[in-house]
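In this note's numbering, the protein residues as written are 149 to 652. Every residue gets a Cβ at the ideal spot worked out from N, C-alpha and C, and that includes glycine. Structure first, commentary second.
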């Protein structure tokens with residue numbers, strides 16, 4: 149759906165394909181097989197789609213790599229380099245261990261180069277640690293395509309034959325220490341890595357978590373580690389016992405029950421212990437439980453109605469050119485109705501790379517204006533989707549839901565999480581100042597885990613908006629939630645060149 153109308157014709161598109169990142173002719177039948185999933189699409193071809201359609205660099209390649217990694221893990225050399233780097237590998241490495249700016253594209257090229265040399269030795273000693281620590285720190289404060297490029301780069305380094313073990317250790321140490329406010333994302337990244345150290349680290353955070361965020365990351369990582377058979381029999385026994393004993397409540401426990409069903413389906417010998425006491429009405433079908441990533445099962449009527457209304461918006465996006473809405477409609481259903489957070493997230497990523505992004509975001513916002521939707525469970529996936537798809541036009545809605553009296557705490561928490569990504573402009577006026585005061589008072593009054601999580605997430609939004617004055621104020625307030633103060637200290641400790649790099 150590029151701007152050049154002549155490319156709407158498949159023969160014309162095929163005729164124009166040679167050039168840029170693609171150095172040979174391509175037939176109409178080849179493109180047809182790519183677009184109907186009958187043949188794999190080379191990474192250079194995905195890059196060429198970006199070029200022909202006039203899309204921002206990496207919008208398609210980063211999305212494709214990130215989502216592909218979720219579905220099909222493999223060794224570090226399972227993808228070819230998307231493009232030859234114009235900058236020598238040594239120069240990119242020098243940038244990474246210095247205070248120079250590193251863009252997401254720089255990371256992509258650097259890691260491509262390192263992975264093309266599985267026996268590479270980095271000198272001096274400690275270079276792997278420096279590279280990994282900076283990459284992780286930038287990743288957890290990046291957003292959209294810059295985040296995808298760094299997340300995929302981290303995944304490849306975690307599987308590097310020589311450096312992977314060091315990268316695993318860096319992730320574990322950061323999640324348990326300096327980067328605890330973003331531990332979910334860091335621990336969850338270990339799900340793709342088959343190295344025994346990665347499995348050990350995930351189990352350690354399940355058995356004796358360094359914090360609730362790290363525990364949630366370990367729960368989420370376990371879905372795919374079970375699927376990919378990363379755990380041996382002894383580890384599976386430990387996993388089953390840990391999941392059985394997890395409370396599964398509060399803002400960080402939403403994935404525990406789905407993991408119980410998932411593990412029980414994959415390993416029926418643990419089913420009786422895992423499922424004792426769980427409502428049979430929530431049980432997925434055998435096929436759904438076995439794969440765990442299936443988007444929609446036993447969808448409540450009110451949720452199904454929301455899905456139908458959001459899907460209806462697809463027809464408003466150039467209907468003359470929308471020949472088949474089945475794929476985007478399925479993605480909307482996954483983004484709103486899957487019980488698994490990762491499925492919802494990756495479905496939103498895919499929608500964000502399409503021309504439907506703005507229309508779907510507006511439809512999600514329209515649902516959140518409905519008072520009934522705000523009070524129901526569907527509000528959380530709606531806000532999660534808006535966090536990925538939304539823009540500055542939706543910032544006001546998130547701000548209202550974040551602080552309005554009477555909004556359920558879980559909904560307010562989800563809205564606050566979106567503030568760090570949707571229209572997070574530097575400064576952000578007085579709203580963040582007032583919001584911090586509001587949620588500090590709420591936490592002192594209730595001391596419940598959802599309110600605490602909301603305040604901690606609000607500090608992340610403050611950091612994303614570059615409000616160092618507010619971060620310093622939170623850190624200086626002795627009565628403030630300790631986790632919020634720790635998050636403020638972490639933000640203030642991030643070097644300026646890394647903060648600037650994470651934006652690009």
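- Near residue 301, what residues of its chain come up, given a Cβ to Cβ distance below 7 Å and the 5 sequence neighbours on each side ignored? 255, 256, 259, 283
- Query: What do you get for residue 435, buried or exposed, if any count of 16 or more other CB atoms within 10 angstroms of its CB means buried?
  - Reply: Model confidence at residue 435 stands at a pLDDT of 48, short of 50, so the residue's coordinates are unreliable; what they give is reported in the following sentence. So residue 435 ends up on the exposed side.
- residue 168 (DSSP reduced to helix, strand or coil): coil
- Task: Could you tell me whether the Cβ atoms of residue 414 and residue 365 are closer together than 8 Å?
- Result: no
- Compare the C-alpha of residue 196 against each of 262, 318, 168 and name the closest. 168
- Query: Along the chain, which unbroken stretches of the alpha helix (DSSP H) at least 4 residues long are found entirely within the segment 501-549?
  - Reply: 505-516, 519-522, 527-537
- At least three beta-carbon pairs within less than 8 Å, the segment 626-637 to the segment 589-608: yes
- Can you tell me which of 290, 504, 294 puts its alpha carbon nearest to the alpha carbon of residue 476? 504
- Message: Does residue 491 come out as helix, strand or coil in the three-state DSSP assignment?
- Response: helix
- Output the boundary residues of the alpha helix (DSSP H) element that contains residue 116. The question about residue 116 has no answer, for the chain in this structure spans 149 to 652.
- Query: Is it a yes or a no for the segment 203-211 touching the segment 480-492, going by three-plus beta-carbon pairs under 8 Å?
  - Reply: no
- Query: Considering only C-alpha positions, which residue in the set 190, 578, 594, 647 is nearest to residue 618?
  - Reply: 578
- Item | Check: residue 290 C-beta below 7 Å from any heavy atom of the ligand GDP | In terms of ligand content, the structure shown is empty, and the ligand GDP therefore cannot be addressed.
- Excluding five sequence neighbours on each side, which residues of the same chain lie with their C-beta closer than 7 Å to the C-beta of residue 336? 365, 368, 369
- For the putative contact between residue 403 and residue 351, defined by C-beta atoms under 8 Å, what is the C-beta separation to the nearest angstrom? Contact flag wrong, Cβ pair sits at about 16 Å.
- Query: Mind checking whether residue 162 and residue 179 have CB atoms under 8 Å apart?
  - Reply: yes
- Query: Sorted by chain position, which residues of the same chain lie with C-beta nearer than 7 Å to residue 439's C-beta, five sequence neighbours on each side aside?
  - Reply: Residue placement at residue 439 cannot be trusted, given a pLDDT of 46 that sits under 50; what the coordinates show is reported in the next sentence. Result list for residue 439: empty, nothing under 7 Å.
- Item | Three-state secondary structure assigned by DSSP to residue 403 | coil
- Query: Short check: CB of residue 530 to CB of residue 545, under 8 Å?
  - Reply: no
- Message: Within the continuous alpha helix (DSSP H) that includes residue 558, where are the two ends?
- Response: 557-567
- Distance, residue 390 Cα to residue 423 Cα: 13 Å
- Message: If you measure between the beta carbons of residue 360 and residue 400, is that distance less than 8 Å?
- Response: yes
- Item | Sequence ranges, alpha helix (DSSP H) only - wholly within the segment 227-305, length at least 4 | 237-244, 252-263, 275-287
- Beta carbon of residue 217 nearer than 8 Å to that of residue 303: yes
- Query: Are at least three pairs of beta-carbons, each pair with one atom in the segment 487-502 and one in the segment 454-461, less than 8 Å apart?
  - Reply: no
- Query: So what does DSSP say about residue 376, is it helix, strand or coil?
  - Reply: coil
- Item | residue 591 beta carbon less than 8 Å from that of residue 583 | no
- Query: Three-state secondary structure (DSSP) at residue 486?
  - Reply: coil
- Message: Is the separation between the beta-carbon of residue 615 and that of residue 580 shorter than 8 Å?
- Response: yes
- Query: So what's residue 163 in DSSP terms, helix, strand or just coil?
  - Reply: helix
- Message: Applying the 10 Å Cβ sphere with the 16-neighbour rule, what's the burial state of residue 594?
- Response: exposed
- Message: Spatial neighbours of residue 508 within its chain, please: C-beta separation below 7 Å, excluding the five flanking residues on both sides.
- Response: 458, 461, 480, 499, 537
- Query: Within 10 angstroms of its Cβ, does residue 329 collect 16 or more other Cβ (buried), or is it exposed?
  - Reply: buried
- Message: If the criterion is Cβ atoms closer than 8 Å, does the pair residue 305 and residue 338 meet it?
- Response: no
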